[in-house]
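Some notes on the structure that comes next.
Protein chains: 4
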Amino acid sequence: MKVTVINTGGTFNKRYNPIKGQLEVPADNIALDKIIASCHNVEFEIKNIVSKDSLDMIDSDREAICEAIKSSENDKVIIVHGTDTVHLTSELIKQRRINKKIVFTGAMVPMSIDEVEATMNFSQALGFLSADVEDGTYIAMHGVVVDCSKLVKNRELGQFLIQE
Amino acid sequence: MKVTVINTGGTFNKRYNPIKGQLEVPADNIALDKIIASCHNVEFEIKNIVSKDSLDMIDSDREAICEAIKSSENDKVIIVHGTDTVHLTSELIKQRRINKKIVFTGAMVPMSIDEVEATMNFSQALGFLSADVEDGTYIAMHGVVVDCSKLVKNRELGQFLIQE
Amino acid sequence: MKVTVINTGGTFNKRYNPIKGQLEVPADNIALDKIIASCHNVEFEIKNIVSKDSLDMIDSDREAICEAIKSSENDKVIIVHGTDTVHLTSELIKQRRINKKIVFTGAMVPMSIDEVEATMNFSQALGFLSADVEDGTYIAMHGVVVDCSKLVKNRELGQFLIQE
Amino acid sequence: MKVTVINTGGTFNKRYNPIKGQLEVPADNIALDKIIASCHNVEFEIKNIVSKDSLDMIDSDREAICEAIKSSENDKVIIVHGTDTVHLTSELIKQRRINKKIVFTGAMVPMSIDEVEATMNFSQALGFLSADVEDGTYIAMHGVVVDCSKLVKNRELGQFLIQE
Numbered sequence: 001m002k003v004t005v006i007n008t009g010g011t012f013n014k015r016y017n018p019i020k021g022q023l024e025v026p027a028d029n030i031a032l033d034k035i036i037a038s039c040h041n042v043e044f045e046i047k048n049i050v051s052k053d054s055l056d057m058i059d060s061d062r063e064a065i066c067e068a069i070k071s072s073e074n075d076k077v078i079i080v081h082g083t084d085t086v087h088l089t090s091e092l093i094k095q096r097r098i099n100k101k102i103v104f105t106g107a108m109v110p111m112s113i114d115e116v117e118a119t120m121n122f123s124q125a126l127g128f129l130s131a132d133v134e135d136g137t138y139i140a141m142h143g144v145v146v147d148c149s150k151l152v153k154n155r156e157l158g159q160f161l162i163q164e
Numbered sequence: 001m002k003v004t005v006i007n008t009g010g011t012f013n014k015r016y017n018p019i020k021g022q023l024e025v026p027a028d029n030i031a032l033d034k035i036i037a038s039c040h041n042v043e044f045e046i047k048n049i050v051s052k053d054s055l056d057m058i059d060s061d062r063e064a065i066c067e068a069i070k071s072s073e074n075d076k077v078i079i080v081h082g083t084d085t086v087h088l089t090s091e092l093i094k095q096r097r098i099n100k101k102i103v104f105t106g107a108m109v110p111m112s113i114d115e116v117e118a119t120m121n122f123s124q125a126l127g128f129l130s131a132d133v134e135d136g137t138y139i140a141m142h143g144v145v146v147d148c149s150k151l152v153k154n155r156e157l158g159q160f161l162i163q164e
Numbered sequence: 001m002k003v004t005v006i007n008t009g010g011t012f013n014k015r016y017n018p019i020k021g022q023l024e025v026p027a028d029n030i031a032l033d034k035i036i037a038s039c040h041n042v043e044f045e046i047k048n049i050v051s052k053d054s055l056d057m058i059d060s061d062r063e064a065i066c067e068a069i070k071s072s073e074n075d076k077v078i079i080v081h082g083t084d085t086v087h088l089t090s091e092l093i094k095q096r097r098i099n100k101k102i103v104f105t106g107a108m109v110p111m112s113i114d115e116v117e118a119t120m121n122f123s124q125a126l127g128f129l130s131a132d133v134e135d136g137t138y139i140a141m142h143g144v145v146v147d148c149s150k151l152v153k154n155r156e157l158g159q160f161l162i163q164e
Numbered sequence: 001m002k003v004t005v006i007n008t009g010g011t012f013n014k015r016y017n018p019i020k021g022q023l024e025v026p027a028d029n030i031a032l033d034k035i036i037a038s039c040h041n042v043e044f045e046i047k048n049i050v051s052k053d054s055l056d057m058i059d060s061d062r063e064a065i066c067e068a069i070k071s072s073e074n075d076k077v078i079i080v081h082g083t084d085t086v087h088l089t090s091e092l093i094k095q096r097r098i099n100k101k102i103v104f105t106g107a108m109v110p111m112s113i114d115e116v117e118a119t120m121n122f123s124q125a126l127g128f129l130s131a132d133v134e135d136g137t138y139i140a141m142h143g144v145v146v147d148c149s150k151l152v153k154n155r156e157l158g159q160f161l162i163q164e
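Here you go:
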């Protein structure tokens, strides 16, 4: 399987900087690399762009993500994104009607703090793309992969939940 | 989404027993529970049977797994299994032509030692079942989910690889 | 051995709050409990007070720490403290000339992110108190336990280093 | 502070070999290096010898340990040793009346599985050697550092306990 991963930052990637005493969104793929190391049957193209907390994303960032998807080598694309505005970016991408299988994912807790949740969300995207799915814009979080409009962040619970 | 998980043991579940100084296959779901805790959109039925290193499985164990699949509440079934004989059990189940979506998974390193690989394999199965897949017997390991006959354990590398 | 632990907060205790998307200093002893679980030969008295990032500590907090030391059941006392102002608090305590063996410790990275550094610093304090040491105010960080005036935080490196 | 570490193997160092499906005692210092990385104030001499489960140690292994202690650059020596026969080796070393401060340590659970217990035991040895202790043969396990004859492995509990 061939998959393009567009890593845009967000909680998924955050790491603690002991000098500053803060969590930072790094511009590298260290969080991702730990998962990918076990994907022996996937050929990845990885693009690292934006590298922001998604609350700080501006229109030009979303356009950059759109361009990265359009120019990706593969028709299977996973986008690692912050959870706070993933609904905005995914809705924008959906409207562009790109003929690819696009799956947004991310994490509520940084991979550097809890390897389970981040690995789960990303790996669900991979498993979904292993199936013969139609072109579309999806989101993979907390147990399921569905159309990006159907899974919504509940900010009180800190969980993405299917919108009934 | 509703999913039945049949946990049969294997490396995925192994834990260190400090009294005996050995890794053991426990008869509980502690390894699984850590992943499931983040699956807020899945209703699980969990069956814990056999609880063996798969090298120790005998015919009656495989029949028990077959019965557990047939009697599962859901048509989406994930089977956590040891990697050494998963090809035997999955082939047997495939021949039984059960009208369900059955995905075998497992791990090369215990969840208690490396949370990434085990979580990845299990979560790929979940992502695959989120898609509208046909009835069949599949295996989810190391980046992909495919028909159980197509992914084979390379014992020198310790990796499941697509059989060309 | 009998030891009083006064847990005042700091980086050592910080945990990620996925709802707020931030690290917080909790008012509990979860970070400490994980270490103490293996201390089968120590009888602990544990006091949880202040629970602050040490940059936010005020004079009354330091007086509260002083009172907690004076009223501790044991003459062996470990104080878990934030690294940014541990030099101020330890100097104050030293001036009070309390007839106890008082060891300050803490961590540059939260126990919830890196279990090694926090466990190391705390455990060095325990090992030091196992020896027949004189009353005094010490600090246990990054490999050694010395008089609290002799180990200084290098803010560029993020390391406590012996002051030559 | 200058410390010689003699790493002889044991549970402390064990790592999972996914090809063999077993825990092995490696002949490297990976477990140790993770702790030492935070010891910014210690100059280490590290010797890696024997590399065995301590149940497999023979007389010549113990003589090799004795020679390594005698020829160590520093008078502060930590010996990482398996827990099953640490009482035999430490008793032998004690009888040799070497004029150094010798601290045996180890772990009930491999550092590769649980970083807390192994880090705690080793770091207590470091903290103890930071104090002005007399020459002797000590053991650092589970909360305390005492003369090697006074802390005994309880094989039912999997704990080293002070012998009353």
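Chains as they are written, first to last, in the UniProt record's numbering: chain A, 1 to 164; chain B, 1 to 164; chain C, 1 to 164; chain D, 1 to 164. Where is the CB? At the ideal position from N, CA and C, for every residue including glycine.
May I ask you to report which of helix, strand or coil DSSP gives residue i?
i, result
"residue 58 of chain D", "coil"
"residue 157 of chain D", "coil"
"residue 84 of chain A", "coil"
"residue 68 of chain B", "helix"
"residue 79 of chain C", "strand"
"residue 13 of chain D", "helix"
"residue 162 of chain B", "strand"
"residue 73 of chain C", "coil"
Which word fits residue i, buried or exposed, when buried means at least 16 other C-beta atoms lie within 10 angstroms of its C-beta?
i, result
"residue 117 of chain C", "buried"
"residue 33 of chain C", "exposed"
"residue 168 of chain D", "There is no way to answer for residue 168 of chain D, as the model of chain D reaches only from 1 to 164."
"residue 53 of chain B", "buried"
"residue 56 of chain A", "exposed"
"residue 90 of chain D", "buried"
"residue 97 of chain C", "exposed"
"residue 115 of chain A", "buried"
"residue 154 of chain A", "exposed"
"residue 121 of chain B", "buried"
Assuming residue i is part of the beta strand (DSSP E), what are its boundary residues?
i, result
"residue 22 of chain C", "22–24"
"residue 140 of chain D", "136–141"
"residue 49 of chain B", "43–52"
"residue 2 of chain A", "2–9"
Can you tell me where the alpha helix (DSSP H) with residue i in it begins and where it stops?
i, result
"residue 33 of chain B", "30–36"
Spell out the partners DSSP gives residue i in its beta bridges.
i, result
"residue 147 of chain B", "B:138"
"residue 152 of chain B", "B:161"
Could I get the ranges of all uninterrupted beta strand (DSSP E) runs contained in the region 88–130 of chain A, with 3 residues as the minimum, in chain order? Complete beta strand (DSSP E) runs here, min 3: 101–105.
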